[in-house]
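Colleague: Would you mind keeping the following structure in view while I ask a few things?
2 protein chains.
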Amino acid sequence: MDVQRLELLRELAERGSVTAVARATHRTPSAVSQQLKVLEREAGLPLTERSGRGLVLTDAGRALAASATDIAVALERATAVWDTFRNRATGDVSLVTFPTAGQMLLPGALQDLADHDGLAVHCTDMDPELSDFPALTSEYDIVLAHSMRGQHTWGGRGLTSVPLMTEPLDVGLPTGHRLAGRVSLGASDVVGETWIGVPLGYPFGRILHDIELQTGSRALVTQRFADMRLIESFIMAGLGIALVPRYTSSGDQPGRMVLKPLRGLDAERQIVALMRPDRAERLAVRTVVEALRARAAQVQAEHAAAAG
Amino acid sequence: MDVQRLELLRELAERGSVTAVARATHRTPSAVSQQLKVLEREAGLPLTERSGRGLVLTDAGRALAASATDIAVALERATAVWDTFRNRATGDVSLVTFPTAGQMLLPGALQDLADHDGLAVHCTDMDPELSDFPALTSEYDIVLAHSMRGQHTWGGRGLTSVPLMTEPLDVGLPTGHRLAGRVSLGASDVVGETWIGVPLGYPFGRILHDIELQTGSRALVTQRFADMRLIESFIMAGLGIALVPRYTSSGDQPGRMVLKPLRGLDAERQIVALMRPDRAERLAVRTVVEALRARAAQVQAEHAAAAG
DNA sequence: ACATCCATGAAGCCAGACTACATAGTCCTT
DNA sequence: AAGGACTATGTAGTCTGGCTTCATGGATGT
């Protein structure tokens, strides 16, 4: 019973093809195939089945792959133990973020981590509409993802998710707008407005949908953009109003744009760090996540202070 | 980070010397030493220290050995998963018991397990006074041990213990005894009697001590024997009375001996299966333990039926 | 001081995991 | 229908890495 082989099976369960596993583990497909064959012989029962060109796991294979995860977690926990003894989080950590969260959290977090010698954080950004967050955990140690409250699309998949912050979604208005003097807005206040929306399928979409449900009328969406800067420019030009994340937007722009909180709606998004459970155990990874969390708390505190 | 090496470290933590680890793992001391050296180099900090002729673990070494246990547990759980898929508990299971428990549980349990092809149970007995139960878990998969209630001497050592049964301790009297007609006995009834005791340090000893504490007088112990048959023969000869375990003694012997329950005292012993946590995960081991537990329940039920 | 226990070094052996290459099956395209 | 592109997987050979054997040095106790 070899751990390396089980690890291969787990990779196969995640990636779905021998070739992909080989690429990911810097081996030839032949080597992977041979090891899986050995594993199967040891197990005494088929772990994979051919399906078209590729392979799929049998029930037994999936079960075994699942326990391979437990082993990987225990293993990483062990290396974390000794990393702790050296008081050293070292190694490479790869991270992928969507742009707004990265802009808000990464510069500060990386500054805070600068004194950790030997800890190298490699960051990338990826458009949230194009990214299947859970799938990215195969390639990156940490995936910054956002989800609307109540949506736990990845809890079930056996991934570890650490909440970093909850960010309220406000309504952005041009300064001259008839609602610009209000303290907060309700669904009925805004449903009749001209909206700048996000592309269909984006998470914020649900909020506007909730507004429609609550009021019984349809909202008029004239434009749909993914880039928040673009949306803001439309708001400031007086071409409509939009939902903007409170912290990652430009915020109140004196003389040009104001943000007003929504009441009576579940208008906030969770920003979470998403990880494969074994990787989440690595001390280096935990250190980075902790830095992100601290930074997020600081951002929230600064905004709270500014508001209060 | 290699599992085999960590396993070696764990063995070292348990057995205390490279030579012992080598013997236990069928290797030469040199091989063990080399692997530990590699582990230490990987860890980047000393895991062992010389102490006289032998080695002792450093704090870091102990911590690492502890997480090695977690890995071993996960590993055995994985093999259990696939054993389950084959519906087959196979392999060798070694067991050591103290005589009375073995006589009561083993014949029946082994009969129940006879239909499991490929499951071989190797049993040994060992005198409870000579045996350090926790230490035996290094050599045997299952250690049948007894403890008085409230004594959890091995819970803390990171061992898995599965309770099999609680056996009441009765007072054995010769049939002609003045108390032989009673339904049950209290401490004050028996403290003045002539006692046949167990050797000093035996677990039952505490009961007699409790009797002395409760009554404030000392009990007269004329003989001390380890073997229950011997004790019973003294009882039947009218040479004294003694504490006897209800199920593993010969029980009521019409015309010769009667058993009377004690009230007002914590007069029972726990019989438990004691295992190293990784071994406890093996399907074969779990199967045997389950058979023992079932057998124990049956013994208790039979006695309850006979009494009622 | 010697015998005996311990851990550990050096040299060589051998299993087992890898690469490179070749083969066979499946899917899609033309 | 046939080729090309993709899968997985066999075969042969290489080489890493853990093992054994033998030898050394320190610690203990008689």
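Chains A and B supply the protein sequences, listed in that same order. 308 is the number that full-length UniProt numbering gives the last residue of the first sequence; the numbers go up by one with no jumps. 308 is the number that full-length UniProt numbering gives the last residue of the second sequence; the numbers go up by one with no jumps. All C-beta atoms, glycine included, are put in the ideal place defined by N, C-alpha and C.
Would the segment 246–265 of chain B and the segment 121–140 of chain B be scored as touching if the rule is three or more Cβ pairs under 8 Å?
Modeller: The segment 246–265 of chain B is not in contact with the segment 121–140 of chain B.
Colleague: Kindly list, in the order they appear in chain B, the residues whose Cβ is closer than 9 Å to that of A:R77.
Modeller: Result: S67, D70, I71.
Colleague: Since A:L243 and A:I207 should fall inside the 8 Å C-beta cutoff, what is the C-beta to C-beta distance between them, to a whole number of angstroms?
Modeller: The Cβ separation is near 6 Å, so the contact holds.
Colleague: Please state whether DSSP places B:T90 in a helix, a strand or coil.
Modeller: DSSP places B:T90 in coil when its eight states are reduced to three.
Colleague: Using the beta-carbon of each residue, which ones in chain B are nearer than 7 Å to A:F85?
Modeller: Simply L45, A60, A63.
Colleague: Would you list the residues sitting across from A:W195 in a DSSP beta bridge?
Modeller: Note: A:W195 sits in a beta bridge opposite A:V221, A:I241.
Colleague: Determine the extent of the beta strand (DSSP E) in which A:Q270 is found, giving its start and end residues.
Modeller: 268–275 is the extent of the beta strand (DSSP E) around A:Q270.
Colleague: Counting only the same chain and skipping the five closest in sequence on each side, list residues whose C-beta sits under 7 Å from that of B:P203.
Modeller: Result list for B:P203: H146, S147, M148, R269, in chain order.
Colleague: Does any CB atom of chain A fall closer than 8 Å to the CB of B:V272?
Modeller: So no, B:V272 is outside the interface.
Colleague: Buried or exposed for A:V38, going by 16 or more other Cβ atoms inside 10 Å?
Modeller: Counting Cβ neighbours within 10 Å, A:V38 comes out exposed, since fewer than 16 surround it.
Colleague: Once you ignore the five residues that flank B:D210 on each side, which residues in its own chain have a CB closer than 6 Å to its CB?
Modeller: Excluding residues within five positions, the ones whose Cβ falls inside 6 Å are L265.
Colleague: Looking at the C-beta of B:A74, does it have a partner C-beta in chain A at a distance below 8 Å?
Modeller: Yes, its Cβ sits closer than 8 Å to a Cβ of chain A.
Colleague: Using the beta-carbon of each residue, which ones in chain B are nearer than 9 Å to A:V81?
Modeller: Simply A60, A63, L64, A66, S67.
Colleague: Can you check whether the C-beta of residue 382 of chain A is within less than 8 Å of a C-beta belonging to chain B?
Modeller: Chain A is shown from 1 up to 308; residue 382 of chain A falls before or after that span and cannot be answered.
Colleague: From B:D227, B:Q253, B:D92, B:P245, pick the residue whose C-alpha is nearest to that of B:M236; which is it?
Modeller: Comparing Cα-Cα distances from B:M236 to each of B:D227, B:Q253, B:D92, B:P245, the minimum goes to B:Q253.
Colleague: Measuring only between beta-carbons, confirm whether residue 313 of chain A sits less than 8 Å from chain B.
Modeller: Outside the displayed range of chain A (1 to 308) lies residue 313 of chain A, so it cannot be described from this structure.
Colleague: With a cut-off of 8 Å, does the C-beta of B:L36 fall near any C-beta of chain A?
Modeller: No, its Cβ sits nowhere closer than 8 Å to a Cβ of chain A.
Colleague: Going along the chain, which residues of its own chain have a beta-carbon closer than 6 Å to the beta-carbon of B:T215, five neighbours each way excluded?
Modeller: The residues are A187, S188, V191.
Colleague: Rounded to the nearest angstrom, what separates B:S67 and B:R77 at their Cα positions?
Modeller: Distance between the alpha carbons of B:S67 and B:R77: 15 Å.
Colleague: Which residues mark the beginning and the end of the alpha helix (DSSP H) in which A:E139 is found?
Modeller: Per DSSP, A:E139 belongs to no alpha helix (DSSP H) and is neither H nor E.
Colleague: Compare the C-beta of B:L136 against all C-beta atoms of chain A and say whether one is closer than 8 Å.
Modeller: It does not: the Cβ of B:L136 has no partner Cβ on chain A nearer than 8 Å.
Colleague: Quick one: residues in its chain with C-beta nearer than 8 Å to the C-beta of B:L8, no 5 flanking neighbours on either side, listed in chain order?
Modeller: Only V21, T25, V32, Q35, L36, L39 meet the Cβ criterion.
Colleague: Whole angstroms is fine: what's the gap from B:L230's alpha carbon to B:V198's?
Modeller: Spanning the two alpha carbons is a distance of roughly 11 Å.
Colleague: If you compare alpha carbons, which of A:L259, A:A297, A:G240 is closest to A:G181?
Modeller: That would be A:L259, whose Cα lies nearest to the Cα of A:G181.
Colleague: Pick out the complete alpha helix (DSSP H) segments inside the segment 158–212 of chain A, 4 residues or longer, and give them in chain order.
Modeller: You should have 187–190.
Colleague: Pairs of beta-carbons, one from the segment 106–114 of chain A and one from the segment 156–167 of chain A, closer than 8 Å: are there three or more?
Modeller: Touching, no, given that fewer than three Cβ pairs across the two stretches are closer than 8 Å.
Colleague: What separation, rounded to the nearest whole angstrom, lies between the Cα atoms of B:H58 and B:P46?
Modeller: The amino acid at residue 58 of chain B is misidentified as His; the sequence shows Thr. One C-alpha to the other measures close to 7 Å.
Colleague: Mark B:P107 as exposed unless 16 or more other C-beta atoms lie within 10 angstroms of its C-beta, in which case mark it buried.
Modeller: It counts as exposed.
Colleague: Can you find the residues in the same chain that come closer than 6 Å, C-beta to C-beta, to B:L12, ignoring five residues on each side of it along the sequence?
Modeller: Taken in chain order, the residues that qualify are V21.
Colleague: Where does B:R246 fall in DSSP's three states?
Modeller: Coil.
Colleague: Check the Cβ of B:L6 against every Cβ in chain A and list those closer than 7 Å, keeping chain order.
Modeller: Simply A78.
Colleague: Per DSSP, what kind of secondary structure is A:R50 in: helix, strand or coil?
Modeller: It is a strand residue.
Colleague: A:A306 to A:V299, Cα distance in whole Å?
Modeller: Distance between the alpha carbons of A:A306 and A:V299 is about 11 Å.
Colleague: Measuring CA to CA, which of A:L220, A:P174, A:T175, A:V183 is closest to A:W195?
Modeller: A:W195 has its Cα closest to that of A:L220, out of A:L220, A:P174, A:T175, A:V183.
Colleague: Note down the Cα distance separating residue 381 of chain A from A:L283, rounded to an integer number of angstroms.
Modeller: With chain A covering only 1 through 308, there is no way to say anything about residue 381 of chain A.
Colleague: Within its chain, find whatever has a CB closer than 7 Å to the CB of A:R218; leave out the 5 residues flanking it on each side and keep chain order.
Modeller: E212, listed in sequence order.
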